[in-house]
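One structure is given here, and the rest of the page talks about it.
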């Protein structure tokens, strides 16, 4: 019998972990700092503190990109370091990993191999479709639901899923996330003021101003570099510019949502009209996002109470329920449905 069970949700910017024995959810930045191209200098939150501040010989990298593992060895080292960090996680444990549906079999297998081929000597690794885990985390009755739509707004991607009767009807991984919005803000600031700001500053502007609400005349002074003189300075940025920068990626998200709804069978679509659209993922904290999507789609929109940990909360409930464990699969199982 496994010594413990851990649930994992690996995001572009954060790793979320559930510890069954302690009934605890914790998270840490999915970042690694490499010195001189070979030595691991820092991992997790410590490495993220160096982002956009590190000297030239230290590279700060994100092993996850666009919802999948892009640097396998770095991700394996990062995960092992975080799991051991002050937590004394024993070998021989069982793991459940939430993975996106709309990726290749090779990319899905990488999530599985991440632990199977680690030095953790895992007892068992099961995977679950992230959309199913999120529905459970939202408190929805996955097996009896006639139809719900989940929009998972993450750091690098947005995963759109229609779930009905315990299965995924349609699913799409859209390459738009918090990083897209931050880059758009930085690009418009540069174009408007010949002023360069970093991604962290862009993220701060996006979080502060949001999509709707607040004083339309609000401004915020940020630090950056004047591109004409090359001198560091401060610049006042109005709320109108930040929201103008986010307009295009928001419209693209709405287009993908409407396209998904058009592909949904009529009976399931009728249930979605009653149940609405559910928002998960860290970007769901963006002020005014739910209101914007309601107006743009015509559907009621509900944000999870803790959208950033919704998937791992779903894993927590699945691990603790005999009935819900059937939603997890091992890629070694010959009946593994994704491999058919």
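Residue numbers (our numbering): 549 to 888.
Quick reminder that beta carbons are idealized off the backbone N, C-alpha and C, glycines included.
CB-CB length for residue i against residue j, believed under 8 Å
i: residue 710; j: residue 812; result: 5 Å
i: residue 599; j: residue 608; result: 5 Å
i: residue 840; j: residue 760; result: 6 Å
i: residue 560; j: residue 612; result: 5 Å
i: residue 556; j: residue 643; result: 6 Å
i: residue 754; j: residue 733; result: 6 Å
i: residue 684; j: residue 673; result: Rounded, the Cβ-Cβ distance is 19 Å, inconsistent with contact.
i: residue 723; j: residue 808; result: With 8 Å as the limit, residue 723 and residue 808 do not qualify as a contact, their Cβ atoms being about 15 Å apart.
i: residue 659; j: residue 670; result: No, residue 659 and residue 670 are not in contact; Cβ-Cβ is about 13 Å, not under 8 Å.
i: residue 662; j: residue 627; result: 6 Å
i: residue 675; j: residue 645; result: 5 Å
i: residue 666; j: residue 816; result: Not really, about 39 Å apart at Cβ, beyond 8 Å.
i: residue 725; j: residue 743; result: Actually they do not touch by this definition, with Cβ atoms about 24 Å apart.
i: residue 860; j: residue 573; result: 6 Å
Exposure label - residue i; buried when at least 16 CB within 10 Å
i: residue 706; result: buried
i: residue 678; result: buried
i: residue 888; result: Here the model assigns residue 888 a pLDDT of 37, short of 50, so the residue's position is not dependable and the matter cannot be decided.
i: residue 853; result: exposed
i: residue 779; result: exposed
i: residue 869; result: exposed
i: residue 566; result: buried
i: residue 553; result: buried
i: residue 810; result: exposed
i: residue 617; result: buried
i: residue 654; result: exposed
i: residue 551; result: exposed
i: residue 886; result: Note that residue 886 scores a pLDDT of 47, beneath 50, so its modelled location is shaky; the value from the coordinates is reported in the next line. Residue 886 should be labelled exposed.
i: residue 898; result: No answer is possible for residue 898: the residues shown for the chain start at 549 and end at 888.
i: residue 549; result: For residue 549, the pLDDT reaches just 46, beneath the cut-off of 50, and the residue's location in the model is therefore unreliable, leaving the point undetermined.
i: residue 783; result: buried
i: residue 687; result: exposed
i: residue 640; result: exposed
i: residue 692; result: exposed
i: residue 620; result: exposed
i: residue 571; result: exposed
i: residue 656; result: buried
i: residue 700; result: buried
i: residue 575; result: buried
i: residue 750; result: buried
i: residue 622; result: buried
CA nearest to the CA of residue i, picked from the options
i: residue 790; options: 769, 775, 558, 810; result: 769
i: residue 835; options: 662, 796, 562, 756; result: 756
i: residue 649; options: 869, 708, 571; result: 708
i: residue 875; options: 658, 681, 585; result: 681
i: residue 818; options: 685, 694, 594, 655; result: 694
i: residue 624; options: 569, 588, 741; result: 588
i: residue 823; options: 697, 632, 564, 596; result: 697
i: residue 793; options: 716, 701, 690, 727; result: 727
i: residue 615; options: 586, 629, 578, 621; result: 578
i: residue 806; options: 795, 825, 788, 815; result: 825
i: residue 704; options: 747, 815, 667; result: 747
i: residue 568; options: 857, 866, 872; result: 866
i: residue 585; options: 606, 620, 595; result: 606
i: residue 564; options: 804, 829, 800, 795; result: 829
i: residue 766; options: 781, 838, 785; result: 785
i: residue 562; options: 702, 688, 656, 641; result: 702
i: residue 842; options: 712, 752, 821; result: 821
i: residue 516; options: 827, 877, 872, 878; result: The shown model of the chain, from 549 to 888, leaves out residue 516, and the question about it has no answer.
i: residue 919; options: 801, 787, 583; result: No statement about residue 919 is possible, as the shown extent of the chain runs from 549 to 888 and does not include it.
i: residue 604; options: 593, 622, 581; result: 581
i: residue 847; options: 802, 832, 858, 879; result: 802
i: residue 795; options: 837, 878, 775, 858; result: 837
i: residue 583; options: 800, 872, 595, 689; result: 595
i: residue 858; options: 831, 774, 740; result: 831
i: residue 739; options: 690, 775, 781, 622; result: 775
i: residue 797; options: 690, 814, 731, 749; result: 731
i: residue 873; options: 781, 750, 714, 622; result: 714
Beta-ladder partner(s) of residue i, from DSSP
i: residue 587; result: 583
i: residue 616; result: 613
i: residue 861; result: BP columns for residue 861 are empty, so no partner.
i: residue 555; result: 566, 644
i: residue 577; result: 562
i: residue 866; result: In the DSSP output, where bridge partners are listed per residue, residue 866 has none listed.
i: residue 606; result: 583
i: residue 572; result: 567
i: residue 877; result: 675
Go through the segment 632 to 716 residue by residue and report every complete run of the beta strand (DSSP E) that reaches 3 residues or more, in order. 642 to 647, 672 to 677, 696 to 701, 706 to 712
Open item on the list: Quick check on the DSSP output: what are the complete beta strand (DSSP E) runs of length 3 or more inside the segment 825 to 856, in order along the chain?
Closed with: 825 to 828, 849 to 851
Segments of 4+ residues assigned as alpha helix (DSSP H) that fall wholly inside the segment 707 to 781: 726 to 741, 747 to 757
Could I get the ranges of all uninterrupted beta strand (DSSP E) runs contained in the segment 777 to 817, with 3 residues as the minimum, in chain order?
Qualifying beta strand (DSSP E) stretches, in chain order: 780 to 786.
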